[in-house]
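Residue numbers (my numbering): 51 to 134.
This report concerns only the one structure given below.
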């Protein structure tokens, strides 16, 4: 990764950290796969346009460094939060 690419990836991470802080992102992070790493982000939005906004404002996408696909999840299940 070049220094310029590393800077874009830092902006990408900052972008997603902001989405976590505002409650739009539920979880995100890199996925290690033998054929190449990629990332996964889960969003909670009321309108598909909000998810599109996330994609359109991601520095790694707008720079052309990464691409992003949107796929709606029609149902979700999670374990309950347990403190401690």
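Every residue gets a Cβ at the ideal spot worked out from N, C-alpha and C, and that includes glycine.
Below 7 angstroms CB to CB, which residues in the same chain sit around residue 81 once its five sequence neighbours on both sides are set aside?
Exclusion of the five residues before and after residue 81 leaves 87, 88, 89, 90 as the residues of its chain whose Cβ lies within less than 7 angstroms of its Cβ.
Which residue or residues does DSSP assign as beta-bridge partners of residue 80?
89
Between the Cα of residue 55 and the Cα atoms of 129, 117, 110, which residue gives the shortest distance?
110
Can you tell me the Cα-Cα spacing of residue 108 and residue 130, whole angstroms?
30 angstroms
Within the same chain, show all residues whose beta-carbon is closer than 6 angstroms to that of residue 118, passing over the 5 residues directly before and after it, in chain order.
Answer for residue 118: 105, 111, listed in chain order.
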